[in-house]
Amino acid sequence: MVSRRLTGLAAAGLLALALSSCLSDPQLKTCADFPLGTAGCPAPCTVYCGLVARNCPTLYADDDGDDAAERQATCEAQCVEQLSDAGELGDRTGNTLQCRVTHAALAARDAATHCPNADLGGGTQCLEAAGEGCQLYCDLMTEHCAGLYPNRANCEESCKTFPGGSEDVDANTFECRLKYARDAALEGSLACEKASLNGGGVCGTPCEAYCDHVLANCSDPDDVLYADRPACMAACALLGEDGAAADWQTEMNTVHCRTYHASAPASFDSETHCPHAALYNDVHCGDTCDTYCRIMASSCSETYEDDAACQAACEGADPTTLFPADPPHDVCMP
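FYI, in our numbering the residues of the sequence shown are -6 to 327.
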């Protein structure tokens, strides 16, 4: 009990020290009644973003060369929009602004531990329950990126499979998608694509997203599409068409159309949707012969004189003899 109390006092002292530094910054305008109860303190989100800028500068960094003032403004706008619950002084858990302020202050001593919790996504501590991060993500996608998921349930179920644990904005992670879902309020469709199921080529590659969902949702003996991740990644690479996040609506012969079927739809009904996620399928994501001839043209160009010859050979052929049931093609076929 004593050690816990001392730890709490130390955290409060560090928080006060960080806030005093924040308050001395002439660029931060003051306002009354900040929830911390400090007279003359800036607005809550101004304090939060000031601490983040000092102790967790990569949280709002991007590749566009924004200056400090622009990053502060972006942070404050997102904070005001997304953090309506102020919380209590010293909160270390719970989906509140104060929880994030506490961890942003503590990050002065241990950024690796506390910066993820200071993020608007809440890390592992500033969330009320498991899955709340996906609720926040889907709130943002519903509001700012309408049409990239067919409905809320699909978004939340797909989100469960996003890998976590990295703050790298250019990685196949939940955190990366959440960052761009937040940015979509200001940046629109460009950020939406990055925040989407397939990551837009920024939050991982389309094939990474495809294989994440295929291996998560099409792994039962009756539904399995690939023996392991290397086989999945190799097969995906044969497609050559990544596609866009909205391809689930147009049923294009792309990686993303298959990723859509492998995500929430397959989680809800693997028997129906895992076949639609396969490399070769006739139902939704491209014609089997179109896929076959595209692969042959890129990988085995000497096999057929042209696309018409390939299509003629494919039409009516027994798929089990024309091409292997478990791609990729290791050799060109006769």
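C-beta: ideal position from N, C-alpha, C; glycine also. A quick note: this is a predicted structure, and the numbers were derived from the prediction, not measured.
Considering Cα atoms alone, identify which of the options is closest to residue i.
i           : options            : result
residue 40  : 133, 310, 65, 243  : 65
residue 129 : 245, 148, 140      : 148
residue 164 : 209, 61, 191, 144  : 191
residue 151 : 203, 278, 109      : 203
residue 141 : 269, 257, 289, 265 : 257
residue 243 : 277, 155, 127, 229 : 277
residue 198 : 166, 125, 62       : 166
If I measure Cβ to Cβ from residue i and keep anything under 6 Å in the same chain, skipping five residues before and after, which residues do I get?
i           : result
residue 273 : 281, 284
residue 267 : 211, 216, 259
residue 75  : 113
residue 232 : 248
residue 110 : 96, 116, 118, 119
residue 52  : 45, 112
residue 254 : 266, 269, 270
residue 171 : 114, 130
residue 94  : 41
residue 183 : none
With C-beta atoms as the reference, is residue i less than 8 Å away from residue j?
i           : j           : result
residue 103 : residue 92  : no
residue 196 : residue 169 : yes
residue 185 : residue 177 : yes
residue 133 : residue 70  : no
residue 193 : residue 187 : yes
residue 98  : residue 108 : no
residue 240 : residue 250 : yes
residue 79  : residue 67  : no
residue 72  : residue 119 : no
residue 238 : residue 294 : no
residue 301 : residue 218 : no
Please report the distance separating the alpha-carbon of residue i from that of residue j.
i           : j           : result
residue 117 : residue 287 : 44 Å
residue 37  : residue 96  : 14 Å
residue 311 : residue 220 : 23 Å
residue 50  : residue 248 : 35 Å
residue 337 : residue 136 : Nothing about residue 337 can be read from this structure; the chain reaches only from -6 to 327.
residue 123 : residue 246 : For residue 123, the pLDDT reaches just 49, beneath the cut-off of 50, and the residue's location in the model is therefore unreliable, leaving the point undetermined.
residue 209 : residue 252 : 12 Å
residue 269 : residue 291 : 23 Å
residue 261 : residue 87  : 30 Å
residue 309 : residue 299 : 18 Å
residue 235 : residue 229 : 9 Å
residue 31  : residue 200 : Reliability fails at residue 31, whose pLDDT of 48 lies under 50, so the model's placement of it is uncertain and the value that follows must be treated cautiously. Each residue's alpha carbon lies about 50 Å from the other.
residue 106 : residue 223 : 32 Å
residue 296 : residue 306 : 11 Å
residue 155 : residue 213 : 20 Å
residue 341 : residue 63  : What is shown of the chain runs -6 to 327, which leaves residue 341 out entirely.
residue 23  : residue 264 : Since pLDDT at residue 23 reaches only 34, below the 50 mark, its modelled position is unreliable, and the value read off the structure follows with that caveat. For residue 23 and residue 264, the distance between alpha carbons rounds to 59 Å.
residue 35  : residue 81  : 17 Å
residue 289 : residue 279 : 15 Å
residue 29  : residue 227 : In this prediction, residue 29 scores a pLDDT of 44, lower than 50, which makes its location untrustworthy; no coordinate-derived value is stated.
residue 127 : residue 157 : 11 Å
residue 61  : residue 303 : 57 Å
Could you pull the start and end residues of the alpha helix (DSSP H) that residue i belongs to?
i           : result
residue 37  : 37 to 48
residue 130 : 125 to 137
residue 187 : 182 to 188
residue 143 : No alpha helix (DSSP H) holds residue 143; DSSP gives it neither H nor E.
residue 261 : 257 to 261
residue 108 : 104 to 111
residue 297 : Note, residue 297: premise wrong, no alpha helix (DSSP H); not H, not E.
residue 218 : It is not in any alpha helix (DSSP H) - residue 218 carries neither H nor E in the DSSP assignment.
residue 210 : 199 to 210
residue 234 : Premise fails: residue 234 is in no alpha helix (DSSP H) and is neither H nor E.
residue 96  : 90 to 99
residue 63  : 61 to 75
So, for residue i: in the same chain, excluding its five sequence neighbours on each side, which residues have a beta-carbon less than 8 Å away from its beta-carbon?
i           : result
residue 131 : 142, 145, 148, 149, 152
residue 125 : 88, 115
With a threshold of 7 Å on Cβ separation, who are the neighbours of residue i within its own chain once the five nearest residues in sequence on each side are excluded?
i           : result
residue 207 : 218, 219, 225, 255, 270
residue 77  : none
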